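Visitor: Pasting a structure here, questions to come.
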Amino acid sequence: MSSRRLAEALGIDEPTAEGLIKRAREMIGLELMDLLEYLERNRMRFDIFTTGSHALDNLLGGGIPTHHLVELAGPFGSGKTQLCHQLCVTVQLPQSEGGLESGAVFIDADGTFRPERIIRIAKRFKLDGRSVLRRILYARVLSFAEQYSALVRSRKFLEKGIRLVVLDSLSGLVREEFGGDLIRRQEALARLLMEARSLAEGGASVVITNQVTVNMKTGELVPVGGLILPQAVDIRILLLKEKGDRREARIVHSVVLPEGKATFRILDGGIVDVE
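Per this note's numbering, residue 53 is the first one in the sequence shown, and the count goes up by one each step.
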């Protein structure tokens with residue numbers, strides 16, 4: 053986001069906006085590198101695991117990639133948490149079925165995790181529900197400090213075979229605790245995103261959910277988070293409600309994937325394709 057656009061959005065002068073952008077970049081650790089170093093970093097091999105939906109997999113170029121930070125943004129009921137539940141199951145599938153035979157970490161900031169939902173999804177994929185639950189490390193967090201601590205503690209589990217870290221949601225507690233203090237909100241989000249990026253660079257798929265707000269000028273739904281998030285995430289997916297059990301997923305930002313959309317359904321057994 054340019055300093056001019058940020059100034060217009062927040063009703064501040066452009067020098068102040070430039071200062072906020074500079075501070076945000078420092079907080080999330082943006083760095084300069086020569087092109088050879090950039091090329092070598094991007095040759096890093098990453099794995100992909102299925103979402104359990106052919107339509108979503110095709111949209112994502114095969115599935116959810118490791119070494120990436122993926123944002124799922126959308127209004128209430130759009131399927132963000134449902135998809136996170138399903139990913140905690142599909143990452144455990146055998147490699148022959150599109151999984152990574154790995155466990156997951158689920159950091160629950162909204163109180164939305166449902167073990168019984170995991171069991172129903174596992175049954176659909178012919179996995180034992182109790183065994184699947186044993187491979188999901190769960191943390192219910194009630195404050196920004198607990199949320200940040202849970203992310204930091206997740207690092208040690210990467211060495212034990214964890215390949216997926218879910219943070220549901222990223223911004224809720226931050227907005228609740230820091231209210232209208234823009235600078236403190238941005239700093240808190242930056243700290244969370246630095247840890248999330250560190251986990252991704254360590255080999256995990258890091259999936260964060262996020263709320264949306266309405267752009268007063270265009271009337272469009274946009275993810276909350278200001279100038280921090282667009283500079284930190286690798287893939288941003290906007291989830292939207294359609295009629296009945298149908299949902300639409302749109303890639304609205306990615307450094308590697310083209311913009312596109314896919315439709316899926318949310319049923320008792322999880323997220324499935326539209327027949």
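For each residue, glycine too, the CB sits at the ideal point set by N, CA and C.
Here the structure is a predicted model, which means the values were calculated and not measured.
Would A328 be called buried (16 or more neighbouring beta carbons within 10 Å of its own) or exposed?
Guide: There is no way to answer for residue 328, as the model of the chain reaches only from 53 to 327.
Visitor: Just curious, the alpha helix (DSSP H) that R186 is in, first and last residue?
Guide: Start at 1 with the first residue of the sequence shown, and residue 186 comes out as number 134. R186 -> alpha helix (DSSP H) spans 181–186.
Visitor: Assuming V6 and S195 are in contact, meaning their beta carbons sit under 8 Å apart, how far apart are those beta carbons, in whole angstroms?
Guide: Only positions 53 to 327 of the chain appear in the structure, and residue 6 is not among them; the question remains open.
Visitor: If you pair each beta-carbon of the stretch 111–129 with each one of the stretch 297–313, do three or more pairs fall below 8 Å?
Guide: They touch, by the three-pair rule.
Visitor: Which of the three DSSP states is assigned to G155 in this structure?
Guide: One-based indexing of the sequence shown puts residue 155 at position 103. Looking at G155 - three-state DSSP - the assignment turns out to be strand.
Visitor: Candidates P117, D99, V122, T118: which alpha carbon is nearest I287's?
Guide: The sequence position of residue 287 within the sequence shown is 235, counting from 1. Nearest neighbour of I287 by Cα position, chosen from P117, D99, V122, T118, turns out to be V122.
Visitor: Relative to the C-alpha of L281, which residue among V266, R169, L245, C140 is closest?
Guide: On the sequence shown, residue 281 is found 229 positions in, with the first residue counted as 1. The residue with the shortest Cα to Cα distance from L281 is L245.
Visitor: I need the straight-line Cα distance from E70 to L279, nearest angstrom please.
Guide: Counting from 1 along the sequence shown, the entry for residue 70 is found at position 18. Counting from 1 along the sequence shown, the entry for residue 279 is found at position 227. In a straight line, the C-alpha of E70 is about 11 Å away from that of L279.
Visitor: If you drop the 5 nearest sequence neighbours on each side, which residues of the same chain put their C-beta closer than 8 Å to that of V264?
Guide: Translated into positions along the sequence shown, residue 264 becomes position 212. Excluding residues within five positions, the ones whose Cβ falls inside 8 Å are A125, G126, P127, L273, V274, P275, V276, L290.
Visitor: If contact is defined by three or more beta carbon pairs under 8 Å, each pair taking one atom from either stretch, is the stretch 128–138 in contact with the stretch 210–228?
Guide: yes
Visitor: Which ranges does the alpha helix (DSSP H) cover as unbroken runs of at least 4 residues, wholly within the stretch 105–136, from first to last along the chain?
Guide: With a minimum length of 4 residues, the continuous alpha helix (DSSP H) runs that stay inside the stretch 105–136 are 106–111.
Visitor: Report the start-end ranges of each alpha helix (DSSP H) in the stretch 240–319 that is 4 residues or longer and not cut off at the edges.
Guide: 280–284
Visitor: Taking L309 as the reference, which of P117, T103, S105 has the closest Cα?
Guide: Counting from one through the sequence shown, the residue named residue 309 turns up at place 257. It is P117 whose Cα lies nearest to the Cα of L309.
Visitor: Between which two residues does the beta strand (DSSP E) harbouring R215 extend?
Guide: Working through the sequence shown from its first residue, we reach residue 215 at position 163. Segment 214–220, the beta strand (DSSP E) holding R215.
Visitor: Taking C-alpha atoms, which residue in A301, L319, I188, E168 lies nearest to G213?
Guide: What you label residue 213 is simply residue 161 of the sequence shown in a count that begins at 1. Ranking the options by Cα distance to G213, first place goes to I188.
Visitor: Starting from the Cα of H106, find the closest Cα among G115, I100, F98, D99 and give me that residue.
Guide: Sequence index remark: in the sequence shown, residue 106 carries index 54 (1-based). Of the candidates G115, I100, F98, D99, the one whose C-alpha sits nearest the C-alpha of H106 is G115.
Visitor: Can you tell me whether F98 is buried or exposed? The criterion is at least 16 other CB atoms within 10 Å of its CB, across all chains shown.
Guide: The count along the sequence shown starts at 1 and reaches residue 98 at position 46. By the neighbour-count rule (16 or more Cβ atoms within 10 Å), F98 is not buried but exposed.
Visitor: Would you mind working out which of D162, E153, T103, Q147 sits nearest N262, comparing C-alpha positions?
Guide: As a working note, residue 262 is residue 210 in the sequence shown. Per the Cα distances, D162.
Visitor: I need the boundaries of the alpha helix (DSSP H) containing G224, first residue and last residue.
Guide: As a position in the sequence shown, residue 224 is number 172, starting the count at 1. Element bounds for G224: 224–230.
Visitor: Distance check for R182 and L91, CA to CA, integer angstroms please.
Guide: Within the sequence shown, numbered from 1, the residue matching residue 91 stands at position 39. Within the sequence shown, numbered from 1, the residue matching residue 182 stands at position 130. Confidence is the limiting factor: at L91 the pLDDT is only 49, short of 50, which leaves the residue's position unreliable, though a coordinate-based value still follows. The alpha-carbon atoms of L91 and R182 are separated by roughly 43 Å.
Visitor: Could you tell me the distance, in whole angstroms, from the CA atom of G104 to the CA atom of E168?
Guide: Against the sequence shown, residue 104 aligns to sequence position 52. Against the sequence shown, residue 168 aligns to sequence position 116. Each residue's alpha carbon lies about 18 Å from the other.
Visitor: Following the continuous beta strand (DSSP E) through V324, name the residue where it begins and the one where it ends.
Guide: Here residue 324 is taken as the residue at index 272 of the sequence shown, counted from 1. Per DSSP, V324 belongs to the beta strand (DSSP E) from 322–325.
Visitor: Does DSSP classify F328 as helix, strand or coil?
Guide: What the structure shows of the chain is the stretch from 53 to 327, and residue 328 is not part of that stretch, so it cannot be assessed.
Visitor: Return yes when the Cβ of S257 is within less than 8 Å of the Cβ of H120, no when it is not.
Guide: Start at 1 with the first residue of the sequence shown, and residue 120 comes out as number 68. Start at 1 with the first residue of the sequence shown, and residue 257 comes out as number 205. A contact, by the Cβ cut-off of 8 Å.
Visitor: Which residues does DSSP pair with D160 in a beta bridge?
Guide: The residue given as residue 160 occupies position 108 in the sequence shown. R192, D220.
Visitor: Taking DSSP's pairing of strands, which residues face F101 in a bridge?
Guide: Residue mapping note: residue 101 aligns to position 49 of the sequence shown, counting from 1. DSSP output for F101 lists I116 as bridge partner(s).
Visitor: Near I100, which residues of its chain fall below 7 Å by C-beta distance, leaving aside the five closest residues on each side in sequence?
Guide: Numbered from its first residue, the sequence shown carries residue 100 at position 48. G114, G115, I116, P117, listed in sequence order.
Visitor: Please tell me whether L216 and V141 are closer than 8 Å, where the distance is taken between their beta carbons.
Guide: Position 164 of the sequence shown, counted from the first residue, corresponds to residue 216. Position 89 of the sequence shown, counted from the first residue, corresponds to residue 141. The answer is no: Cβ separation not under 8 Å.
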